[in-house]
């Protein structure tokens, strides 16, 4: 199993902003206090992928937001 990632952790706010750009709309959200079970950050280490597959990051968060929205728009019934 290989992790394919940027190796960077993104905040929820950064992800929301990237999706807003992709949608061309403002996303309503509410900031709440962190819950004890919330992780401070989550990201994948793609060192093994880079070494064994010679894989490297080619896209950023904004690109991923656009791709996610395009996929969801083309597959509206996938997650019901």
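Numbering (the working numbering), first residue to last: 813 to 892. Just so you know, even glycine gets a beta-carbon here, dropped at the ideal spot from N, CA and C.
| Asked | Found |
| --- | --- |
| Minimum C-alpha distance to residue 850 - residue among 871, 823, 827, 815 | 823 |
| First through last residue of the alpha helix (DSSP H) which encompasses residue 885 | 873-886 |
| Chain-order list of residues whose beta-carbon lies under 6 Å from that of residue 869 (same chain, five-residue window excluded) | 818 |
| 8 Å CB neighbourhood of residue 872 in its chain, flanking five on each side removed | 818 |
| The stretch 843-862 in contact with the stretch 885-892 per 3-pair CB rule at 8 Å | no |
| Beta carbon of residue 881 nearer than 8 Å to that of residue 816 | no |
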